[in-house]
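Novice: Be aware that the sequence shown starts at 1, since it is given in our numbering, and climbs by one per residue. Sharing a structure with you now.
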Amino acid sequence: EEEEEEEEGTNDEVKEECWQDEKKIKKGGDDDEKGGKEEEGTTTTTDDAAISSDAKKKKQQQKQKQQRLQEEEQLISQAMKETFVKVDRELLEEEDIEPMYSGTTACVVLLRNNKLYISNCGDSRAVLARRCRKVLNPTKIENDSETPTASSSSTATEIQNLTTIPLSTDQNPDSPGEKERILQLGGYVSPPPEPGLSARVWLDAAHTQIGLAMARSIGDHAVKGVGVIAEPVVETHELEEEDEFVIIATDGVWEFISSEDAVEIVAGHLYNEGKDEKGGASLACEALIKAASEKWHEHEGDYRDDITAIVIRLKDLWS
1 EEEEEEEEGT NDEVKEECWQ DEKKIKKGGD DDEKGGKEEE GTTTTTDDAA
51 ISSDAKKKKQ QQKQKQQRLQ EEEQLISQAM KETFVKVDRE LLEEEDIEPM
101 YSGTTACVVL LRNNKLYISN CGDSRAVLAR RCRKVLNPTK IENDSETPTA
151 SSSSTATEIQ NLTTIPLSTD QNPDSPGEKE RILQLGGYVS PPPEPGLSAR
201 VWLDAAHTQI GLAMARSIGD HAVKGVGVIA EPVVETHELE EEDEFVIIAT
251 DGVWEFISSE DAVEIVAGHL YNEGKDEKGG ASLACEALIK AASEKWHEHE
301 GDYRDDITAI VIRLKDLWS
């Protein structure tokens, strides 16, 4: 009996141990399951962190690129300003040039990547022509009883408009910022004698000495001491798909012809290429110069100011 009791006790101990092992197994399984869930959560967090890291990296790269572009823009602007001032200073070393009582305006346009850098000194000017979206002319279609041909259809039912965008600013003696500098340095500014004419810079209050019709120039050293400077104003323009052509011209062109009129004259000859009439940038430029000359003859007789112009078809630069 004692042996039987001992065996029963042993069996009870075995059952208890088995029961405890089973509980351990269940507990262990629960822990594993929980552990798996924790690992899944950790993986998701890691993915989010990687995405966040990529976004920060891209943002940082964009910021660095923007900084490089800004630095490049500043360097180009500074180079243009230094070049104009250096040319003005070196005129003193030219034997065949007398820069005291003579000078010139200057307008330079630099194309780099997809951006124009416009450096202007004086009252020369650069303008850009941009093509607006083509607009259908429904009135023409309704009133046209005849079926248009393929060649006439494009011209009869589509109106192509050009808008004029100034790329530079004329630096006249009475322009904001220019006049204040001249007066502060002891110069005198007379208002335009009549509409369409320019204000002038003088060395004396009686307006008898010099009478320069611009606030910035290369040369004209006689009025450098009263605020007429050679440093240009540099502006930028981001090119767009619709940008068609650029006109750069001296003040002789703009004296009697507006920027809008110049664009219209150039466009009228630029797009005739390939038709019955000859076209192209060169002939368009000649037409603009001729129109300016005729205006001078109309208003001033045999006298005219310098007339120089350049026409650049932007899309032809890459063709």
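Note that beta-carbon positions come from the ideal geometry of N, C-alpha and C, so glycine has one too.
1) Could you check how far apart the C-beta atoms of V226 and G177 are, in whole angstroms? I think they sit under 8 Å.
2) Please return the same chain residues whose Cβ sits closer than 8 Å to the Cβ of T208, not counting the five positions on each side in sequence.
3) Is the CB-CB distance between L310 and A249 below 9 Å?
4) To which residues of the same chain is D88 closer than 6 Å at the C-beta, ignoring the five residues directly before and after it?
5) Tell me, please, whether the segment 109-124 touches the segment 238-252 by the rule of three or more beta-carbon pairs shorter than 8 Å.
6) Just reading off the alpha helix (DSSP H) that S293 is part of, what are its end residues?
7) Enumerated in chain order, which unbroken segments of the alpha helix (DSSP H) with a length of 4 residues or greater are wholly contained in the segment 228-269?
8) Around the Cβ of E82, are there at least 16 other Cβ atoms within 10 angstroms (buried) or fewer (exposed)?
9) Since I believe D123 is in contact with Q171 (beta carbons under 8 Å), could you give me their beta-carbon distance rounded to a whole number of angstroms?
10) Name the two residues that bound the continuous alpha helix (DSSP H) containing I312.
11) Would you say S119 and S175 are within 9 Å of each other, going by their C-beta atoms?
12) Have a look at E180 and Q60 and give me their C-alpha separation to the nearest angstrom.
13) Taking C-alpha atoms, which residue in H299, G280, Q66, E235 lies nearest to Y271?
14) Quick one, which of R68, C285, E238, E294 has its alpha-carbon nearest A267's?
15) Do you know offhand how far E242's Cα is from N114's?
16) Considering only C-alpha positions, which residue in the set E240, A215, E238 is nearest to V228?
17) State the DSSP-derived secondary structure class of I76, mapped to helix, strand or coil.
18) Please state whether DSSP places L203 in a helix, a strand or coil.
19) Classify I97: buried if its beta carbon has 16 or more other beta carbons within 10 angstroms, exposed otherwise.
20) Cα-Cα, which of A213, Q74, D54, R130 is closest to S102?
21) What number of angstroms, rounded off, separates the C-alpha of K58 from the C-alpha of Q70?
22) Out of H269, E255, L314, state which residue places its alpha-carbon closest to the alpha-carbon of E300.
23) Does the Cβ of T163 have 16 or more other Cβ atoms within 10 Å, making it buried, or fewer, making it exposed?
24) When the distance is taken between beta carbons, is Y117 closer than 9 Å to T308?
25) Secondary structure at I118, three-state DSSP: helix, strand or coil?
Specialist: Short version:
1) Sequence index remark: in the sequence shown, residue 226 carries index 226 (1-based). Sequence index remark: in the sequence shown, residue 177 carries index 177 (1-based). Rounded, the Cβ-Cβ distance is 15 Å, inconsistent with contact.
2) Position 208 of the sequence shown, counted from the start, is the residue given in the question as residue 208. The answer, listed in chain order, is W202.
3) Along the sequence shown, read from residue 1 onward, the residue named residue 310 stands at position 310. Along the sequence shown, read from residue 1 onward, the residue named residue 249 stands at position 249. For clarity, residue 310 is Ile in the given sequence; the question names Leu instead. Yes, these two residues count as a Cβ contact at 9 Å.
4) By one-based count along the sequence shown, residue 88 stands at place 88. Taken in chain order, the residues that qualify are I218, A230.
5) yes
6) To locate residue 293, count along the sequence shown from 1; it is residue 293. That run of the alpha helix (DSSP H) goes 281-300.
7) 251-254
8) Residue 82 sits at position 82 when you count from the first residue of the sequence shown. By the neighbour-count rule (16 or more Cβ atoms within 10 Å), E82 is not buried but exposed.
9) Along the sequence shown, one-based indexing puts residue 171 at 171. Along the sequence shown, one-based indexing puts residue 123 at 123. Yes, Q171 and D123 are in contact; Cβ-Cβ is about 6 Å, under 8 Å.
10) For the purposes of this step, residue 312 is taken as residue 312 along the sequence shown, with counting starting at 1. Careful: I312 lies outside any alpha helix (DSSP H), inside the beta strand (DSSP E) at 309-313.
11) Here residue 119 refers to the residue found at position 119 of the sequence shown. Here residue 175 refers to the residue found at position 175 of the sequence shown. For S119 and S175, no; Cβs fall outside 9 Å.
12) Locating residue 180 in the sequence shown gives position 180, counting from the first residue. Locating residue 60 in the sequence shown gives position 60, counting from the first residue. Roughly 42 Å between the two C-alpha positions.
13) Locating residue 271 in the sequence shown gives position 271, counting from the first residue. Out of H299, G280, Q66, E235, G280 has the C-alpha closest to the C-alpha of Y271.
14) Taking the sequence shown and counting its residues from 1, one reaches residue 267 at position 267. Residue C285 is the option with its Cα nearest to A267.
15) Position 242 of the sequence shown, counted from the first residue, corresponds to residue 242. Position 114 of the sequence shown, counted from the first residue, corresponds to residue 114. About 13 Å.
16) For the purposes of this step, residue 228 is taken as the residue at position 228 of the sequence shown. Out of E240, A215, E238, A215 has the C-alpha closest to the C-alpha of V228.
17) Here residue 76 refers to the residue found at position 76 when the sequence shown is read from its first residue. In the structure shown, I76 sits in a helix (DSSP, three-state: H, G or I).
18) The residue given as residue 203 occupies position 203 in the sequence shown. Of the three classes helix, strand and coil, the one that applies to L203 here is coil, per DSSP.
19) Here the question's residue 97 lines up with position 97 in the sequence shown. Label assigned to I97: exposed.
20) Stepping through the sequence shown from its first residue, residue 102 is reached at position 102. The residue with the shortest Cα to Cα distance from S102 is A213.
21) Position 58 of the sequence shown, counting from 1, holds the residue named residue 58. Position 70 of the sequence shown, counting from 1, holds the residue named residue 70. About 18 Å.
22) Start at 1 with the first residue of the sequence shown, and residue 300 comes out as number 300. Ranking the options by Cα distance to E300, first place goes to E255.
23) Position 163 of the sequence shown, counted from the first residue, corresponds to residue 163. Exposed, because fewer than 16 other Cβ atoms sit within 10 Å of the Cβ of T163.
24) Within the sequence shown, residue 308 is the residue found at index 308, counting from 1. Within the sequence shown, residue 117 is the residue found at index 117, counting from 1. No. Outside cutoff.
25) On the sequence shown, residue 118 is found 118 positions in, with the first residue counted as 1. In the structure shown, I118 sits in a strand (DSSP, three-state: E or B).
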